[in-house]
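Numbering (my numbering), first residue to last: 24 to 301.
As structure tokens, the structure follows; a few thoughts come after it.
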């Protein structure tokens with residue numbers, strides 16, 4: 024297997040376009056990255072059991088579970104604070120029950136984005152980190168991850184298809200910053216894709232709880248472009264700030280206080296030429 028990284032990226036795209044045809048089916052498309060990774064690991068004689076085991080790695084310490092569940096709430100709080108300080112209107116009667124957050128976390132982990140992480144973080148990332156720094160690897164994964172979502176923006180029947188250009192661009196910024204956060208969580212937990220998926224689901228769920236006044240955002244059913252842009256900017260900024268803080272605190276090389284997981288931790292055989300992934 025000369026180029027597992029390229030093969031994986033091709034397989035992640037191939038055969039999954041039908042899953043992007045309607046928002047109801049988006050969850051199926053999320054299994055493209057892990058399916059592609061599984062095929063490459065199997066074809067290269069690697070260990071599927073070891074690779075999948077990253078999704079069940081729960082013994083990471085209370086600190087990291089607290090961060091996986093709690094950091095999304097901090098990100099939301101910062102987003103709301105910035106929105107209010109900039110003059111954004113809020114309506115606290117729109118605030119959802121905390122039980123919905125727990126449901127969204129479970130749903131997001133298995134269907135609403137977390138299922139992708141066994142491919143992006145549990146396979147592609149450790150291969151890249153064998154040759155590049157954690158920051159560079161995060162950027163490569165982030166760009167690939169963002170490009171993989173592009174069909175959603177080109178199809179008006181999906182949730183992403185109706186977004187204005189400003190929201191699409193800011194979402195791209197968020198996904199690049201998020202890629203750094205996900206790398207930090209993956210490396211710091213010794214390769215727990217489960218923790219990354221929970222963290223990912225929590226960040227995705229934060230949109231449910233933002234108390235921006237919906238009537239002000241869409242008066243008479245017509246979106247207010249400036250207020251919506253403000254909500255988008257204040258939503259992306261906390262992710263960017265935390266990503267920068269992590270780079271400063273942990274350094275760009277590992278984004279953690281420990282060595283990052285190796286390609287073998289991701290299930291690849293020892294003789295895999297990980298440099299070919301790039």
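Just so you know, even glycine gets a beta-carbon here, dropped at the ideal spot from N, CA and C.
| message | Pull the bridge partners of residue 113 from the DSSP assignment, please. | response | 235.
| task | Counting only the same chain and skipping the five closest in sequence on each side, list residues whose C-beta sits under 6 Å from that of residue 64. | result | Once the five neighbours on either side are set aside, the close Cβ partners of residue 64 are 71, 74 and 290.
| said: Taking the alpha carbon of residue 121 as the reference point, which residue from 263, 60, 186 and 229 has its own alpha carbon closest? | reply: Ranked by Cα distance from residue 121, the options 263, 60, 186 and 229 are led by 229.
| Enclosing alpha helix (DSSP H) for residue 255 [first to last residue] | That run of the alpha helix (DSSP H) goes 248–273.
| message | For a quick check, are the C-beta atoms of residue 127 and residue 231 less than 7 Å apart? | response | Yes; because the gap between Cβ atoms is below 7 Å, this pair is in contact.
| request: Pick helix, strand or coil for residue 44, following the three-state DSSP scheme. | output: Because residue 44 carries a pLDDT of 45, less than 50, the predicted location of this residue cannot be relied on, and the following value inherits that uncertainty. Residue 44: coil per DSSP, three-state reduction.
| query | From residue 293 to residue 151, what does the alpha carbon distance come to, in whole angstroms? | reply | So the alpha carbons of these two residues sit roughly 15 Å apart.
| task | Taking all protein chains shown into account, decide if residue 45 is buried (16 or more other Cβ within 10 angstroms of its Cβ) or exposed. | result | With a pLDDT of 48 at residue 45, under the threshold of 50, the modelled position of that residue is not reliable, and the figure given next carries that caveat. When all chains shown are included, residue 45 counts as exposed.
| field | Distance between beta carbons of residue 266 and residue 203, contact taken as under 8 Å | value | Rounded, the Cβ-Cβ distance is 4 Å, consistent with contact.
| field | Buried or exposed by the 16-neighbour rule on C-beta atoms within 10 Å, applied to residue 139 | value | By the neighbour-count criterion, in which a residue is buried when 16 or more other Cβ atoms sit within 10 angstroms of its Cβ, residue 139 is buried.
| task | Starting from the Cα of residue 259, find the closest Cα among 91, 220, 244 and 194 and give me that residue. | result | The alpha carbon of residue 259 has as its nearest neighbour, out of 91, 220, 244 and 194, the alpha carbon of 194.
| task | Whole angstroms is fine: what's the gap from residue 249's alpha carbon to residue 106's? | result | Residue 249 and residue 106: Cα-Cα distance of roughly 12 Å.
| said: Our contact map puts residue 286 next to residue 210 with C-beta atoms below 8 Å; I'd like the distance itself, whole angstroms only. | reply: With a Cβ gap of about 14 Å, residue 286 and residue 210 do not count as contacting.
| residue 279, enclosing alpha helix (DSSP H) - first and last residue | Where residue 279 is concerned, there is no enclosing alpha helix (DSSP H), given that its DSSP letter is neither H nor E.
| Of the residues 159, 154 and 190, which one's Cα is nearest the Cα of residue 252? | Taking only the C-alpha atoms, the option nearest residue 252 is 190.
| message | Please report the straight-line C-alpha distance between residue 221 and residue 137, rounded to a whole angstrom. | response | Residue 221 and residue 137: Cα-Cα distance of roughly 7 Å.
| request: Just confirm the distance between the C-beta atoms of residue 109 and residue 257, as a whole number of angstroms; I'd bet it's less than 8 Å. | output: Approximately 6 Å separates the beta-carbon atoms of residue 109 and residue 257; this is inside 8 Å, confirming the contact.
| request: Please look up how many angstroms separate the CB atoms of residue 91 and residue 218, rounded, as I've assumed it's under 8 Å. | output: With a beta-carbon spacing of about 5 Å, residue 91 and residue 218 fall inside the 8 Å limit used to define contacts.
| request: May I have a chain-ordered list of the alpha helix (DSSP H) segments no shorter than 4 residues that lie completely inside the region 82–152? | output: Counting whole runs of 4 or more residues, the region 82–152 contains the alpha helix (DSSP H) stretches 85–108, 121–133 and 148–152.
| message | If I follow the unbroken alpha helix (DSSP H) through residue 210, where does it start and stop? | response | Segment 188–211, the alpha helix (DSSP H) holding residue 210.
| field | Of the residues 205, 262 and 268, the one placed nearest residue 103, counting alpha carbons only | value | Comparing Cα positions, the closest option is 262.
| message | Mapping the DSSP letters down to three states, classify residue 291 as helix, strand or coil. | response | Collapsing the DSSP output to three states places residue 291 in coil.
| DSSP state of residue 54, grouped into three classes? | In this structure, residue 54 counts as coil in the three-state DSSP scheme.
| query | Between residue 82 and residue 148, what straight-line distance do the alpha-carbon atoms span, to the nearest angstrom? | reply | Using only the alpha carbons, I get a separation of about 21 Å.
| request: Buried or exposed for residue 343, please, with buried defined as at least 16 other CB atoms from any protein chain shown within 10 angstroms of its CB. | output: Since the first residue of the chain shown is 24 and the last is 301, residue 343 is not available in this structure.
| When we look at the beta-carbon of residue 206 and count the other beta-carbons within 10 Å, is it buried (16 or more) or exposed? | Buried, by the Cβ-count rule.
| query | Looking at residue 60 and residue 142, is the spacing between their C-beta atoms short of 7 Å? | reply | Yes, these two residues count as a Cβ contact at 7 Å.
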